[in-house]
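Residue numbers (our numbering), protein chains in the order written: chain A, 184 to 350; chain B, 1175 to 1619.
Idealized CB from N, CA, C, for every residue including glycine.
Below: one structure, written as structure tokens.
Written out as structure tokens, the structure is:
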């Protein structure tokens, strides 16, 4: 809450929110994960959602039907854990998602399993469980919309949202 | 309101098929049972549709023709009847109380003819009379009349279509039913999802939610008065009950995690659903009167999509406890869980037929999504339709037709389809937006 309030008062952060939103609209392929893609990383207020998204990376990806944390995902989660220890007042909601190549009910459960695996990993790196909430959106919130693996692989994800749900 | 008053009327009418109904009889000058009565064997694959003449019901306004058109459309969509183009009719029916000139109807190969009349009672009610004739046996097969409020005219037409279907196939019809589903609009990465309800032919569509909350998997109660569904209201994905008449919404249970994939028990007293905790999904029931909950599965797997057998003694569900998703059957108390699906690929969203003889499912194999059926012991698997993405079967109350949704590859969104058990008669159900997660209502008993 305090973090959000701080963002709202910070005009630079607000401008960044707008930039992100526009980027999200113009690209139907993916959301940014790598701060280098945007070249904006340096401007986010330290400890803010933008700081986390741009400088740490807010999401990890999974293999089909799997909730195993891949090595590339572990690297991202290690950075997330470090950042969360640096800002101990921040709480997060971990959103679990699935690609569209499954049935609805199963994907709700699979997204929950991915969110739980992500939470468990962060907890193993010292993030208090009380700071983390999980939710599954199943296959209902794809970020990439096409009918091949380039999109499905981006939709099989867990997103760590600073300050709670809503992203 | 509507269904309640109808069922009250029905109680007064006794055991007849609907609304207020009286038998009509005609004394025929000569009964000629020389020929076996017309009938359809719907157990055969790819049945030749029965040619039938549905004449415009006599009325002072357009209502008679409209009722005939709804009856015709129902019968045609079933795939079992071929309503004859009215332009081919020789005799113009002016008095539905006298026998038609059968030879005029035999000439155009009408095996059966439907005639009727719609009038208004002094109290404003609509009186609809109809007769079904066997043209070759020259015999009346049905004569009934219905009284109802004028706004229910489509329902009367569906009830008549059901009566014709039942008389000529020996199976109960399914036209006087409704479908609840998820109406989807907006771009694929930002879909607005609303619960919607409509007649089985797509008419009388009404939205049940506004689209502010993500809603999924609606299912009818056995008495058609309630829907159980999943909603992300308040950021907490949970199972809810919705009273159709009042719009009142109620959380089902107080579970410490996501509840999803709900369905009613056949007696309407319980909701069965999955509860997710720490990434595991297990199956629970909640008794709607006592509020007590019972856990039926206890695994570290994903156990979901439970569906009761029609008499309530068994439950089919999907689980990935063995690796990929497969179908399992257990007793209603959770005992004796055993896998029934063993084909290639994975199986999910099982639904037990209202007849009890089959289980419908979604199957994923070779990058395709199919709708199929198998017997409750897992034998006799048959795929009815296959393609890029078919999902989420639901049974018509007579267990002869399945509705599901199909997501095409590329742009666009999911749409509702029905297919009969032969796999031959596939029909799209028109909806104003995209549609998914259909659930077919029972018939009013």
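Start-to-end residues for the alpha helix (DSSP H) that takes in residue 288 of chain A:
287 to 307
So who's on the other strand from residue 280 of chain A, going by DSSP bridges?
A:321
Contact list for the segment 279 to 306 of chain A against chain B, Cβ threshold 9 Å
279, 283, 284, 285, 286, 287, 288, 289, 291, 292, 293, 295, 296, 297, 298, 299, 300, 302, 303
Using the beta-carbon count (16 or more within 10 Å), is residue 1612 of chain B buried or exposed?
buried
Which residues in the same chain have their Cβ closer than 6 Å to the Cβ of residue 169 of chain A, if we skip the five residues on either side of it in sequence?
Only positions 184 to 350 of chain A appear in this structure, which leaves residue 169 of chain A out of reach.
Return helix, strand or coil for residue 1560 of chain B, following the three-state DSSP convention.
strand
Rounding to the nearest angstrom, what Cα-Cα distance links residue 1282 of chain B and residue 1263 of chain B in this structure?
7 Å
Distance, Cα to Cα, residue 1260 of chain B vs residue 1346 of chain B?
27 Å
Comparing the C-beta of residue 330 of chain A with each C-beta of chain B, is any distance below 8 Å?
yes
With H, G and I counted as helix, E and B as strand and the rest as coil, what does DSSP make of residue 232 of chain A?
helix
Could you give the DSSP three-state label for residue 1255 of chain B: helix, strand or coil?
strand
Using 10 angstroms around the beta-carbon of residue 1272 of chain B, count the other beta-carbons present and answer buried if the total reaches 16, otherwise exposed.
exposed
Contact list for the segment 1586 to 1599 of chain B against chain A, Cβ threshold 7 Å
none
In three-state DSSP terms, what is residue 1567 of chain B?
strand
I'd like to know whether the C-beta atoms of residue 1400 of chain B and residue 1425 of chain B end up nearer to each other than 8 Å.
no
Return no unless some Cβ of chain A is closer than 8 Å to the Cβ of residue 1504 of chain B.
no
Quick check on DSSP: helix, strand or coil for residue 1603 of chain B?
strand
So if I threshold CB-CB distances at 8 Å, which residues from the segment 1471 to 1484 of chain B count as touching chain A?
1476, 1478, 1479
Could you tell me the alpha carbon to alpha carbon distance between residue 1603 of chain B and residue 1589 of chain B, rounded to whole angstroms?
8 Å
Residue 1505 of chain B - containing beta strand (DSSP E), residue span:
1500 to 1505
Could you tell me the boundaries of the alpha helix (DSSP H) in which residue 336 of chain A lies?
332 to 338
Which whole-angstrom value describes the C-beta separation of residue 1566 of chain B and residue 1523 of chain B, a residue pair presumed to lie in contact below a C-beta threshold of 8 Å?
5 Å
Compute the Euclidean distance between the alpha carbons of residue 1304 of chain B and residue 1497 of chain B, then round it to the nearest angstrom.
57 Å
Note down the Cα distance separating residue 319 of chain A from residue 1434 of chain B, rounded to an integer number of angstroms.
11 Å
On the CB-based measure, 16 or more other CB atoms within 10 Å of its CB, does residue 1509 of chain B come out buried or exposed?
exposed
Could you list which residues in chain A have their beta carbon closer than 8 Å to that of residue 1391 of chain B, in chain order?
287, 288
Select from the segment 1443 to 1467 of chain B all residues with a C-beta closer than 8 Å to any C-beta belonging to chain A, and list them in chain order.
1448, 1450, 1452, 1453, 1454, 1455
Just to confirm, are residue 1608 of chain B and residue 1419 of chain B a CB contact at a threshold of 8 Å?
no
Taking 8 Å as the CB-CB cut-off, is residue 1411 of chain B touching chain A?
yes
To which residues of the same chain is residue 1250 of chain B closer than 6 Å at the C-beta, ignoring the five residues directly before and after it?
1257
So what does residue 1270 of chain B bridge to, in DSSP terms?
Looking at the DSSP assignment, residue 1270 of chain B forms no beta bridge with any residue, so it has no partner.
Just to confirm my understanding: we take residue 205 of chain A, look at its own chain, exclude 5 residues before and 5 after, and list those with CB closer than 8 Å. What are they?
At residue 205 of chain A, the pLDDT of 34 sits below 50, so the modelled position is not reliable; the number obtained from the coordinates is stated separately. For residue 205 of chain A, where only same-chain residues beyond five positions count, there are no Cβ hits under 8 Å.
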